[in-house]
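When we follow full-length UniProt numbering, the leftmost residue of the sequence shown carries the number 1, and every step to the right adds one. Don't be surprised by glycine CBs; every beta carbon is placed ideally from N, CA and C. Scroll down for the structure; my scribbles are underneath it.
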Amino acid sequence: MNKSPSSRAVGENLVKAVADVKAGLSYRKAAEKYGISKSTIERYTKGRHTGKFGRPYVLHEEDENILTDCIEISSDWGFPLTAFDICLIVKSFLDQKGMKEKKIPE
């Protein structure tokens, strides 16, 4: 069974590949040497698309921690919440802060 390398190993190899390209090695040769696609090495060498991927967070970490604490307290008091209950709590919290979220229906 052929296992792919860990993301840490790929990250380390990517750093090495970028360094080699900056030192004069061609993208193609670096790709062959480190087993990473040529376009990935080129993208990181030129600094394109190296930011965070995915959707931005709706809640700040502090707000999320407040909600998490409230949910845990409710559970500790013997009132476990369903996913729908949590959705309603989050929706109410966002409404109070004047924030809108498309994923949560009105």
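Could you give the first and the last residue of the continuous alpha helix (DSSP H) run that contains Y44? K38 to T45
Is it buried or exposed, A30, if we count other Cβ atoms within 10 angstroms and call 16 or more buried? buried
Starting from V90, trace the alpha helix (DSSP H) both ways and give me its first and last residue. A83 to K97
Expressed to the nearest angstrom, what Euclidean distance is found between the alpha-carbon atoms of Q96 and C70? 16 angstroms
What does the Cβ neighbour count give for N2, buried or exposed, with the cut at 16 atoms within 10 Å? Because the pLDDT at N2 is just 41, under 50, the model does not fix this residue reliably, and the value given afterwards should be weighed accordingly. It counts as exposed.
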